[in-house]
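S.K.:
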Amino acid sequence: MIVVVGLSHRTAPIAVREKLVLSAEGVPNFLRALVQHPEVGEALLVSTCNRVELVAAARAGADLTRVAEVCVAALAENAPVIATHLYSHTGGAAVRHLFRVAASLDSMVLGEPQILGQVKDAYEVARLAGTVGSVLHRTLPRAIRAAKRVRTETAIGNGQVSVPSIAVDLTRQIFGDLKGHHALLVGSGEMAEAVARLLKAAGATILVVGRTLSNAEALAAAVGGSARPWSALAQSITEADVVVTSTSAPHYVVEYDMVAAARRARRGRNQFFIDLAVPRDVDPRIEELDGEFLYNIDDLSKVVAETLSSRSREAASAEAIVGREAEGYDRWADAEQATPTIVALRAHISASLEAEMARSFRGKLKHLSAEDRAALSKMLESSVNRILHQPTIRLRQAALERASDTLSLEQLSAAVNELFAFDAETEADAVSSPENAVPAPEADADPASDDTSELAPRARVVASRH
Amino acid sequence: MVDIATIAFYLGVIAYSAAATLFFLDLARRDGTTSLALWAPRLLAIGGALHAVHVVTASMLSKVCPIDSLHFALSFTALIAVGAYLALRKRARLFALGAFIAPIALTFLVGAQFVGQGSEAVLGVSRTLLMFHIAANVLGVGLFLIAGAAGSIYLVQERRLRTKKHVASLGSRLPPLEALDQTTHRLLLAGFPLLTFGVVTGAVFNHQLTSGGSAEFLRSLLGYATWVMLGGVLVLRNVAGFRGRKAAYGTIAGVVCMLLVMLLYAVRQSAGASL
Chain A
1 MIVVVGLSHR TAPIAVREKL VLSAEGVPNF LRALVQHPEV GEALLVSTCN
51 RVELVAAARA GADLTRVAEV CVAALAENAP VIATHLYSHT GGAAVRHLFR
101 VAASLDSMVL GEPQILGQVK DAYEVARLAG TVGSVLHRTL PRAIRAAKRV
151 RTETAIGNGQ VSVPSIAVDL TRQIFGDLKG HHALLVGSGE MAEAVARLLK
201 AAGATILVVG RTLSNAEALA AAVGGSARPW SALAQSITEA DVVVTSTSAP
251 HYVVEYDMVA AARRARRGRN QFFIDLAVPR DVDPRIEELD GEFLYNIDDL
301 SKVVAETLSS RSREAASAEA IVGREAEGYD RWADAEQATP TIVALRAHIS
351 ASLEAEMARS FRGKLKHLSA EDRAALSKML ESSVNRILHQ PTIRLRQAAL
401 ERASDTLSLE QLSAAVNELF AFDAETEADA VSSPENAVPA PEADADPASD
451 DTSELAPRAR VVASRH
Chain B
1001 MVDIATIAFY LGVIAYSAAA TLFFLDLARR DGTTSLALWA PRLLAIGGAL
1051 HAVHVVTASM LSKVCPIDSL HFALSFTALI AVGAYLALRK RARLFALGAF
1101 IAPIALTFLV GAQFVGQGSE AVLGVSRTLL MFHIAANVLG VGLFLIAGAA
1151 GSIYLVQERR LRTKKHVASL GSRLPPLEAL DQTTHRLLLA GFPLLTFGVV
1201 TGAVFNHQLT SGGSAEFLRS LLGYATWVML GGVLVLRNVA GFRGRKAAYG
1251 TIAGVVCMLL VMLLYAVRQS AGASL
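Each protein sequence line maps, in turn, to chains A and B.
For the first sequence, this note's numbering gives the first residue as 1, with consecutive numbering after it.
For the second sequence, this note's numbering gives the first residue as 1001, with consecutive numbering after it.
(1) Give the single residue among Ala-15/A, Arg-17/A, Val-16/A, Leu-45/A whose Cα lies nearest to the Cα of Val-27/A.
(2) Rounded to whole angstroms, what's the CA-CA distance from Val-303/A to Leu-1061/B? Just pull it up for me.
(3) Along chain B, which residues have their Cβ under 8 Å away from the Cβ of Asp-283/A?
(4) Against chain B, with Cβ distances strictly below 7 Å, would Ile-482/A count as a contact?
(5) In angstroms with no decimal places, state the Cα-to-Cα distance between Leu-499/A and Ile-1146/B.
(6) Using only the alpha-carbon positions, how far apart do Val-1256/B and Arg-1159/B sit?
(7) Count the other CB atoms, across all protein chains shown, that sit within 10 Å of the CB of Ser-236/A; report buried if there are 16 or more and exposed otherwise.
(8) Under the assumption that Val-3/A contacts Leu-64/A (Cβ atoms under 8 Å), give the Cβ distance between them as a whole number of angstroms.
(9) Whose Cβ in chain A lies nearer than 9 Å to the Cβ of Ala-1179/B?
(10) Do Tyr-1154/B and Leu-1188/B count as a contact pair if the criterion is CB distance below 7 Å?
(11) Where does Glu-239/A fall in DSSP's three states?
(12) Let me see if you follow: with CB-CB separation under 7 Å, is Pro-1041/B close to chain A or not?
(13) For Val-55/A and Val-109/A, I'd like the C-alpha separation in whole angstroms.
(14) Is it the case that the stretch 127-147 of chain A contacts the stretch 352-361 of chain A, given that we only count it when at least three CB pairs across the two stretches are under 8 Å?
(15) To the nearest whole angstrom, what separates the beta carbons of Gly-41/A and Val-135/A, a pair I think is in contact under 8 Å?
(16) Using a Cβ cut-off of 8 Å, pull out every chain A residue sitting near Gly-1241/B, in sequence order please.
(17) Quick check: is the beta carbon of Val-168/A nearer than 7 Å to any beta carbon in chain B?
(18) Once the 5 residues before and after Met-1258/B are set aside, which same chain residues still bring their CB inside 7 Å of it?
(19) Ala-333/A by DSSP, collapsed to three states: which one?
(20) What three-state label does DSSP hand Asp-275/A in the structure shown?
(21) For Tyr-295/A, list the residues DSSP reports as bridge partners.
(22) Entirely within the stretch 345-376 of chain A and at least 4 residues each: give me those alpha helix (DSSP H) ranges in chain order.
(23) Counting only C-beta atoms, is Phe-420/A closer than 7 Å to chain B at any point?
(24) Show which residues of chain A have a CB atom less than 8 Å away from the CB atom of Lys-1090/B.
(25) Compare the C-alpha of Val-119/A against each of Glu-25/A, Ala-15/A, Ser-47/A and name the closest.
(26) Any chance the CB of Lys-120/A is under 6 Å from a heavy atom of the ligand FMN?
(27) Excluding the five sequence neighbours on either side, which residues of its own chain have a C-beta within less than 8 Å of the C-beta of Asp-281/A, listed in chain order?
(28) Compute the beta-carbon to beta-carbon distance between Pro-164/A and Val-209/A, rounded to the nearest angstrom, for a pair I have assumed lies under 8 Å.
(29) For the candidate residues Val-70/A, Asp-106/A, Glu-336/A, whose alpha-carbon lies nearest to that of Glu-401/A?
(30) Relative to the C-alpha of Met-258/A, which candidate in Val-278/A, Pro-284/A, Ala-277/A has its C-alpha closest?
(31) Rounding to the nearest angstrom, what Cα-Cα distance links Ser-1201/B and Val-1013/B in this structure?
(32) Can you give, in chain order, each stretch of the alpha helix (DSSP H) that sits fully within the stretch 161-202 of chain A and has at least 4 residues?
(33) Closer than 8 Å by beta-carbon distance: list the chain A residues that pair up with Leu-1155/B, in chain order.
(34) With which residues is Arg-228/A paired in a DSSP beta bridge?
(35) Just how far apart, CA to CA, sit Arg-269/A and Ile-1046/B?
(36) Using a Cβ-Cβ cutoff of less than 8 Å, which residues in the same chain neighbour Thr-11/A once the five nearest sequence positions on both sides are dropped?
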């Protein structure tokens, strides 16, 4: 089982979170140092603008609470002020938390897509550092799968949640492909600039008109457009399919008559006005004109609110998916408890048979050829598999079912230990450690993981402690 | 052969029904599932293929050219609409139009079973010209059906953007306004010469036939009204920038007239009159 220790936007303000920013180069060493601890078998670190979380697996027999304490100490070592803001989850709660984080159910903006890529990055960094073993190799792919199911089976990621993105989305709903379309930026402003950049990225040609030409030229250079003087406003509006206004003028800059004249010149082609200014730049009466669409900052904010509300409604379905995936993980983890006994049993029987076979090959069977010896070895190996098939199933069933009317896993394990006279625990000691790691599941093998390469490493991948 | 025609008909009905259902579910969905949008056009294509098999085998059985009777003409028109939609849907981003086309195809495929079983010989009319007349009308109607559907969706999308309601929830599921407007215009451009030919040849037949009654007069009148409306939309777009909402209303009005003409044909033929 695993533990999750960390802090997020829910528990720590940015002034605290920024104390835990780690440099990318130091993360592998930080993780390697952590897994040197006798309690900690595996570890990885998820770090984004809004959270820093250490996910760790205990070594066999180690106490999860103790592992959590070790993780808290590691994170707070150089920034004691964060200690009071750290939370920790252990066992099933940690698994659910990790699944919720990957599915963006714990994000500041519900349903935001970046977190899944950040979790994948964290997994990859830890894998390359050699701090991921059998437990995290099983847990992380399940968390990623749960997140992908949430994204594909619910609408939690649908729609845009920022005003500039909404503005561009609406532009696409009117014009479709923006290649060959002209966008006019009137005035300046951070949000208007963001809209212009998105329109440019979508293929639109950007024109900038400002009262001060030098400012307009600077803005045009910043967004990849061309500047025009203020006197060219009316002509530019006629040419533009999209007009983004963001001036500080106390009156309407784009008047009804100006748009009506532009409409005639445009021969009825649709035109979209995005008025980001307060007070408004565009005369609202232009909406009465056929083919003229106008959204002001209030309209855009309402769309953002509608999207967020829609995402909140989807959260219940997403939580249900995460719950089912976590239950599946719990069942796997339960079944895994039978693994030490099964491994010990198999090792014991195989060792006994191999010893007997080796002795026979030196004595009565020494005349056998190499091919015959190989065939005999193969036959004995198959026999071991056949003999252990049913006990393996029974042990895993006992681990999963835990019914009161059947023998428990502990009883069966004790019986096996007693009958075969070995201590299962000693033989399976480092099951959860990188040395005993199972191979990492291939990303390509997961049918839902085809977008791995698309995820840009937006997270500040953590690395060294301050 | 009878079995093939019957099986293709029923399977076609099932495929069209399933496609129509999936298109509507996709339009109404709130979640992010994409399988509906994937399977709906596939089922429509399967329905179209079965529809084609039905038309071919049934016409071979009855030894009637597919466009020689209203029975097949209706079916064939729907088939053309389906084919045109499938060809255009990706290029013009007309995914949501399937919610209109699939039910229309289903209605025409099923509805055609209940009207007359083929035309009788029309005295005094060139059979070759009659065949061209029907072929042009069938092709034109198929194109205008899609134009009418695109115009209807334009009005829905335009109203949604104007009222600023459900902008986030319906979002990109409806085609962009410009794509709808251009598609409507291109389909009208493609269909109008066919319609013109149909109207002209229809006028010739009216002149040659002596059985023209009030229904015949109404049918002709509606045919001319269709031609005037759709032609008017094209001309006004060119000379006065008549596009967008106005063009959509004009197109829909023309298509409604056209459907009324077809209804009159159907009523007339089911009553046993010759074409």
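By construction, the Cβ of each residue, glycine as well, lies at the ideal position given by its N, Cα and C atoms.
M.R.: Reading from the atomic positions:
(1) On the first sequence, residue 27/A is found 27 positions in, with the first residue counted as 1. Ranking Ala-15/A, Arg-17/A, Val-16/A, Leu-45/A by CA distance to the CA of Val-27/A puts Leu-45/A first.
(2) Locating residue 303/A in the first sequence gives position 303, counting from the first residue. Locating residue 1061/B in the second sequence gives position 61, counting from the first residue. Rounded to whole angstroms, Val-303/A to Leu-1061/B spans 58 Å at the Cα level.
(3) On the first sequence, position 283 is the one that residue 283/A refers to. The premise fails here: Asp-283/A is roughly 16 Å from chain B at the closest Cβ pair, so nothing lies under 8 Å.
(4) Given that chain A is displayed from residue 1 to residue 466, the structure contains no residue 482/A and the question cannot be resolved.
(5) Given that chain A is displayed from residue 1 to residue 466, the structure contains no residue 499/A and the question cannot be resolved.
(6) Here residue 1256/B corresponds to residue number 256 of the second sequence, with the count starting at 1. Here residue 1159/B corresponds to residue number 159 of the second sequence, with the count starting at 1. Val-1256/B and Arg-1159/B have their alpha carbons spaced roughly 21 Å apart.
(7) On the first sequence, position 236 is the one that residue 236/A refers to. Ser-236/A is buried by the Cβ-count criterion.
(8) Position 3 of the first sequence, counted from the first residue, corresponds to residue 3/A. Position 64 of the first sequence, counted from the first residue, corresponds to residue 64/A. Taking a contact as a CB-CB distance under 8 Å, the pair Val-3/A and Leu-64/A counts as one, their CB atoms being some 6 Å apart.
(9) Counted from its first residue, the second sequence places residue 1179/B at position 179. Near Ala-1179/B (Cβ distances below 9 Å), the residues of chain A are Phe-175, Gly-176, Asp-177.
(10) Residue mapping note: residue 1188/B aligns to position 188 of the second sequence, counting from 1. Residue mapping note: residue 1154/B aligns to position 154 of the second sequence, counting from 1. No. Outside cutoff.
(11) Within the first sequence, numbered from 1, the residue matching residue 239/A stands at position 239. Helix.
(12) For the purposes of this step, residue 1041/B is taken as the residue at position 41 of the second sequence. It does not; no Cβ of chain A falls within 7 Å.
(13) Along the first sequence, read from residue 1 onward, the residue named residue 55/A stands at position 55. Along the first sequence, read from residue 1 onward, the residue named residue 109/A stands at position 109. Going by the C-alpha atoms only, they are around 22 Å apart.
(14) No, the stretch 352-361 of chain A is not in contact with the stretch 127-147 of chain A.
(15) For the purposes of this step, residue 41/A is identified with residue 41 of the first sequence, where counting begins at 1. For the purposes of this step, residue 135/A is identified with residue 135 of the first sequence, where counting begins at 1. The beta-carbon separation of Gly-41/A and Val-135/A, rounded to 7 Å, stays under the 8 Å limit for a contact.
(16) The residue labelled residue 1241/B in the question sits at position 241 within the second sequence. Those are Arg-264, Arg-266, Arg-267, Gly-268, Arg-269, listed as they occur along chain A.
(17) Start at 1 with the first residue of the first sequence, and residue 168/A comes out as number 168. It does not; no Cβ of chain B falls within 7 Å.
(18) Walking along the second sequence from the start, residue 1258/B turns up at place 258. If we look at Met-1258/B and ignore the five residues flanking it on each side, its Cβ neighbours are Val-1141, Phe-1144, Thr-1226.
(19) On the first sequence, position 333 is the one that residue 333/A refers to. Looking at Ala-333/A - three-state DSSP - the assignment turns out to be helix.
(20) Here residue 275/A corresponds to residue number 275 of the first sequence, with the count starting at 1. Reduced to three states, the DSSP call for Asp-275/A is strand.
(21) As a working note, residue 295/A is residue 295 in the first sequence. Tyr-295/A pairs with Ile-274/A.
(22) Listed in chain order, the alpha helix (DSSP H) elements of length 4 or more contained wholly in the stretch 345-376 of chain A amount to none.
(23) Numbered from its first residue, the first sequence carries residue 420/A at position 420. The Cβ of Phe-420/A sits no closer than 7 Å to any Cβ of chain B.
(24) Here residue 1090/B refers to the residue found at position 90 of the second sequence. Neighbourhood of Lys-1090/B in chain A, by CB distance below 8 Å: empty, with the nearest CB roughly 12 Å away.
(25) Against the first sequence, residue 119/A aligns to sequence position 119. Comparing alpha-carbon positions, the option among Glu-25/A, Ala-15/A, Ser-47/A lying closest to Val-119/A turns out to be Ser-47/A.
(26) With respect to the ligand FMN, the structure shown offers nothing to examine, as it has no ligands at all.
(27) For this step, residue 281/A is matched to residue 281 along the first sequence. Excluding residues up to 5 positions away in sequence, Val-186, Gly-187, Thr-245, Ser-246, Thr-247, Ala-249, Tyr-252, Val-253, Val-254, Asp-275 lie with their Cβ nearer than 8 Å to the Cβ of Asp-281/A in the same chain.
(28) Stepping through the first sequence from its first residue, residue 164/A is reached at position 164. Stepping through the first sequence from its first residue, residue 209/A is reached at position 209. In this structure, Pro-164/A and Val-209/A do not form a Cβ contact; the two beta carbons are roughly 19 Å apart against a cut-off of 8 Å.
(29) Position 401 of the first sequence, counted from the start, is the residue given in the question as residue 401/A. Put simply, of Val-70/A, Asp-106/A, Glu-336/A the residue whose alpha carbon is nearest the alpha carbon of Glu-401/A is Glu-336/A.
(30) Reading the first sequence from its first residue, position 258 is the one you call residue 258/A. The shortest Cα separation from Met-258/A among Val-278/A, Pro-284/A, Ala-277/A belongs to Pro-284/A.
(31) Here residue 1201/B refers to the residue found at position 201 when the second sequence is read from its first residue. Here residue 1013/B refers to the residue found at position 13 when the second sequence is read from its first residue. Inspection of the sequence shows that residue 1201/B is occupied by Thr rather than by Ser. The straight-line gap from Cα to Cα measures roughly 34 Å.
(32) Along the length of the stretch 161-202 of chain A, whole alpha helix (DSSP H) runs at least 4 residues long occupy 163-175, 190-201, reported in chain order.
(33) Residue mapping note: residue 1155/B aligns to position 155 of the second sequence, counting from 1. Think of a sphere of 8 Å around the beta carbon of Leu-1155/B: no beta carbon from chain A falls inside it, the nearest being about 12 Å out.
(34) If you number the first sequence from 1, residue 228/A lands on position 228. For Arg-228/A, which the question treats as bridged, DSSP gives the partners Val-209/A.
(35) On the first sequence, residue 269/A is found 269 positions in, with the first residue counted as 1. On the second sequence, residue 1046/B is found 46 positions in, with the first residue counted as 1. So the alpha carbons of these two residues sit roughly 38 Å apart.
(36) Position 11 of the first sequence holds residue 11/A. The residues His-85, Leu-86, Tyr-87, in chain order, have a CB closer than 8 Å to that of Thr-11/A in the same chain once the five nearest residues on each side in sequence are set aside.
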